[in-house]
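J.: The structure is given below, and queries will be raised subsequently.
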Amino acid sequence: MRHYENLVIVKPTLTAEEIHSSIAAIEEVITSNGGEIATTDAMGMRKLAYPINKNERGYFHVIYYTIAPSAISEIERRFRINEELLRFVTIKYDTNREIAAWNKLVEKAKKGTTAPKAETEVAVEETAVEAEAAAE
Amino acid sequence: MSEKRKYKKRFCKYCESKVEFMDYKDVGALRFSLSERYKIMPRRLTGNCKRHQDMITIVIKRARAAALIPYTVTRKAVVTAPFENLK
Numbered sequence: 027m028r029h030y031e032n033l034v035i036v037k038p039t040l041t042a043e044e045i046h047s048s049i050a051a052i053e054e055v056i057t058s059n060g061g062e063i064a065t066t067d068a069m070g071m072r073k074l075a076y077p078i079n080k081n082e083r084g085y086f087h088v089i090y091y092t093i094a095p096s097a098i099s100e101i102e103r104r105f106r107i108n109e110e111l112l113r114f115v116t117i118k119y120d121t122n123r124e125i126a127a128w129n130k131l132v133e134k135a136k137k138g139t140t141a142p143k144a145e146t147e148v149a150v151e152e153t154a155v156e157a158e159a160a161a162e
Numbered sequence: 732m733s734e735k736r737k738y739k740k741r742f743c744k745y746c747e748s749k750v751e752f753m754d755y756k757d758v759g760a761l762r763f764s765l766s767e768r769y770k771i772m773p774r775r776l777t778g779n780c781k782r783h784q785d786m787i788t789i790v791i792k793r794a795r796a797a798a799l800i801p802y803t804v805t806r807k808a809v810v811t812a813p814f815e816n817l818k
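Here you go:
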C-alpha cells in the first residue's frame, strides 16, 4: 500500500447536488479498487489560473488515500473517461519524509474541512452575509 | 587577492526555516520563487540551495498542472491580474 493524493477539478456548470454525486462517484472509484480514503478536503469553487475547456471556474476537491500502486493506472483511466472532470492531479508520497508530510496534511484536512488558505470567494461571501445578518 | 565581495552573501531562505516538504496547494508559499510573470526564478537571484530549488521546481510544476498558478502571463493578463489576486 502506498500513500497518494488526488486533486480533482469538477465542472462548474453542474449544480451543487450533481457536484456532490460526481465526487461520491470519484471516491467510489478509489474504494472499489481497494483504496482506503484517509480524508477529503473540499477546497470549493475557485477561479482557475487559466481556462480549461473554456471554463473559468472549477470545483476543487482533494482526496488523500492509500492504495496498491498497481491500481493507480485503472483509477486514472476511469478519471479520463469521466466527462465531469476538468483535470486531475495524482501525487505519490513515497519516501519517509513525504509520508510524514502526508500524515500532517491529513490531520490538517481533518481539523478543518477547508484549509484557511483555500478559502473560496463563495465562503468569503457567505461570512460577509452572516456578518451583515449579525449586525442587523 | 584584495578583492572585496561585491554582493551580499546569499543564503537559502528555505534552509533557514528548515523546510522539509512543500505543498503545491499552498500557493502563497510559492510566490517567493516566482517572477511577476509566473516564471520560476533562477537560483542565482533567489539564493536558494540546489536541494530546495529542485523541490520548488517540482511543486510549481504540479501547481501549474492543477490550474492553481498560470503557466504563462500575457501582457494583457499582467495588468488585469496582479500577483495579489491569486491566493
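Those sequence lines, one after another, are chains A and B. Numbered per our numbering, the first sequence spans residues 27 to 162. Numbered per our numbering, the second sequence spans residues 732 to 818. Note that CB positions come from ideal geometry on N, CA and C, so glycine has one too.
(1) Report the rounded CA-to-CA distance for F105/A versus A64/A, giving the unit in angstroms.
(2) At 3 residues or longer, and completely inside the segment 53-127 of chain A: list those beta strand (DSSP E) runs for me, N to C.
(3) Once DSSP output is grouped into helix, strand and coil, what is the label at I35/A?
(4) Do L112/A and N79/A come within 8 angstroms of each other at the CB atom, strictly closer than that value?
(5) Is the beta carbon of K37/A closer than 8 angstroms to that of N108/A?
(6) Identify every residue that forms a DSSP beta bridge with L765/B.
(7) Could you pull the DSSP bridge partners for H29/A from this structure?
(8) Just to confirm, are I101/A and I49/A a CB contact at a threshold of 8 angstroms?
(9) Compare the Cα-Cα distances from R762/B to each of T805/B, I800/B and R741/B and report the closest residue.
T.: So, from the data block:
(1) Across the structure, F105/A and A64/A are spaced so that their CA atoms are roughly 19 angstroms apart.
(2) Every beta strand (DSSP E) stretch that sits fully inside the segment 53-127 of chain A and reaches 3 residues is listed by chain position as 62-78, 81-93 and 111-119.
(3) If DSSP states are grouped into helix, strand and coil, I35/A belongs with the strands.
(4) Taking 8 angstroms as the Cβ cut-off, N79/A and L112/A qualify as a contacting pair.
(5) Not in contact: N108/A and K37/A (Cβ atoms no closer than 8 angstroms).
(6) Paired residues: I771/B.
(7) H29/A is bridged by DSSP to T92/A and Y119/A.
(8) No, Cβ-Cβ distance for I101/A and I49/A is not below 8 angstroms.
(9) When the alpha-carbon of R762/B is set against those of T805/B, I800/B and R741/B, the nearest one is in I800/B.
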